[in-house]
Amino acid sequence: MKHVVWKAYWDFEKEEKWLNEMSSKGMALTDYSWCRYVFTETPNNDYIYRLELLEHTPSHAESVAYIRFLEESGIECVATYYRWIFLRKKSSEGPFDIYSDIESKINHYSRVSTFLGTIGLLNLFVFLVNIVNGIVSILKYNSSYLTYISPLVCVNGIFGVCLTWLVIGYLRKVSKLKKEKQLHE
0 MKHVVWKAYW DFEKEEKWLN EMSSKGMALT DYSWCRYVFT ETPNNDYIYR
50 LELLEHTPSH AESVAYIRFL EESGIECVAT YYRWIFLRKK SSEGPFDIYS
100 DIESKINHYS RVSTFLGTIG LLNLFVFLVN IVNGIVSILK YNSSYLTYIS
150 PLVCVNGIFG VCLTWLVIGY LRKVSKLKKE KQLHE
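Here it is as structure tokens:
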């Protein structure tokens, strides 16, 4: 039986954890589109899920080769969304970790930080430009500030701040992993 769940995540690690919890309840992810997860019923804990942000889109030659390599290793690419890929492996085949070394973890967290940071900064930039335009309009036309500040502008600001906060968390993880790497060298 097919189940559709609408849910939004800011943090890919929490999303990954939730997908694995759903798997433990007998729900296997079969498709994903923006905030829409499609599951089918399977035996409990049938799959382990991982999410990865690729360097390029899934249709790029390097990404196609990488996904093919993963599939040859027994890892299935269930869904893609922009540069994100949703991966799973049968839990009966043992542990499933995409990143076996510290350097690859650092690279992935850095990639995620850059991706989300760019989106966050663009939103903050749009927010600030619109706030300045609103203030200039008030001073120039002596009108109400709220006339020039739309709810969408506020959404840009909130979205930008939330993404920036998330990126700071990922950058802390990168810093921690770099320190851990130095200890092992």
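Position one of the sequence shown corresponds to residue 0 (numbering that gives the first Met the number 0), numbered consecutively onward.
Beta carbons: idealized from backbone N, C-alpha and C, even for Gly.
Distance between residue j and residue i (C-alpha atoms, nearest Å)
i, j, result
"Leu-123", "Lys-172", "23 Å"
"Leu-50", "Lys-13", "10 Å"
"Ile-101", "Phe-38", "32 Å"
"Arg-35", "Thr-79", "12 Å"
"Ser-114", "His-2", "One detail in the question is off: residue 114 reads as Phe in this sequence, not Ser. Computed Cα separation, rounded: 30 Å."
"Phe-11", "Tyr-108", "10 Å"
"Val-91", "Asp-45", "Before going further, note that residue 91 is Ser rather than Val in the sequence given. Whole-angstrom Cα-Cα distance: 7 Å."
Residues bridged to residue i (per DSSP)
i, result
"Ile-47", "Lys-88"
"Leu-52", "Trp-83"
"Glu-75", "Arg-87"
"Val-4", "Tyr-36"
Supposed close pair residue i, residue j - CB separation, criterion 8 Å
i, j, result
"Arg-82", "Thr-56", "6 Å"
"Gly-159", "Gly-133", "Actually they do not touch by this definition, with Cβ atoms about 16 Å apart."
"Lys-88", "Ile-47", "5 Å"
Residues near residue i in its chain [Cβ-Cβ closer than 6 Å; skip 5 each side]
i, result
"Ile-105", "Val-173, Leu-176"
"Arg-110", "Leu-52"
Cβ-based neighbour list, residue i, same chain, cut-off 8 Å, excluding 5 preceding and 5 following
i, result
"Trp-9", "Cys-161, Leu-162, Leu-165"
"Tyr-98", "Lys-104, His-107"
Proximal residues to residue i (C-beta, below 7 Å), its chain only, five neighbours per side dropped
i, result
"Phe-126", "Val-152, Asn-155, Gly-156, Gly-159"
"Leu-18", "Leu-28, Tyr-48"
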